[in-house]
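A.B. asks:
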Amino acid sequence: LSWTCFIWSRWMLNWAVKYWLLRRPYDEEAQIFVTRRRLKMSESEWDYVGTEQQAKFLSQKLWIKENYQKFLADQEEASRIRAAENTDSKRYRRYAKRSGPASVNLEDLF
2 LSWTCFIWSR WMLNWAVKYW LLRRPYDEEA QIFVTRRRLK MSESEWDYVG TEQQAKFLSQ
62 KLWIKENYQK FLADQEEASR IRAAENTDSK RYRRYAKRSG PASVNLEDLF
């Protein structure tokens with residue numbers, strides 16, 4: 002455990018000096034790491050998506066905060082469009098508009 006902590010601390014110190022203090026541009030390994038972390042993927046999930054999808058993520062430069070925020074907005078818009086076209090979502094929206102899910106008030110409890 003102490004060896005693992007030492008290795009992690011050394012890596013973190015190296016990262017802080019190289020990219021935060023010296024403000025160097027990310028090398029390819031760092032680009033992959035930051036992109037993977039922004040997408041909230043583990044290493045195994047990253048390996049599973051395939052090289053084409055990885056290349057697509059890297060070509061979009063998702064390690065840059067502005068590009069990542071634009072990517073998230075595009076994903077949310079695509080998700081919203083898919084939900085608008087989905088029959089189950091339409092059915093639920095009609096149900097919610099008509100009567101809505103049952104709600105529990107404090108007055109009903111006493």
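The opening position of the sequence shown corresponds to residue 2 in our numbering, with each subsequent residue numbered one higher.
Quick reminder that beta carbons are idealized off the backbone N, C-alpha and C, glycines included.
Less than 8 Å between the C-beta atoms of Leu73 and Thr36, yes or no?
C.D. replies: No, these two residues do not count as a Cβ contact at 8 Å.
A.B. asks: Around the Cβ of Phe58, are there at least 16 other Cβ atoms within 10 angstroms (buried) or fewer (exposed)?
C.D. replies: The residue is buried, with at least 16 neighbouring Cβ atoms inside 10 Å.
A.B. asks: Please state if the CB of Ala31 and the CB of Tyr20 are separated by a distance shorter than 8 Å.
C.D. replies: Yes, the pair counts as a contact, with Cβ atoms nearer than the cut-off.
A.B. asks: Looking at the secondary structure, which residues open and close the alpha helix (DSSP H) in which Asn15 lies?
C.D. replies: Segment Ser3 to Trp16, the alpha helix (DSSP H) holding Asn15.
A.B. asks: Work out the CA separation of Tyr69 and Ala85 for me, nearest whole Å.
C.D. replies: Cα-Cα distance, rounded: 24 Å.
A.B. asks: Taking the alpha helix (DSSP H) that Asp75 falls in, what are its first and last residues?
C.D. replies: Unbroken alpha helix (DSSP H) run through Asp75: Lys66 to Glu86.
A.B. asks: Going along the chain, which unbroken runs of the alpha helix (DSSP H) with 4 or more residues stay wholly within the region 16-46?
C.D. replies: You should have 29-39.
A.B. asks: The alpha helix (DSSP H) spanning Ser100 covers which residue range?
C.D. replies: Per DSSP, Ser100 belongs to no alpha helix (DSSP H) and is neither H nor E.
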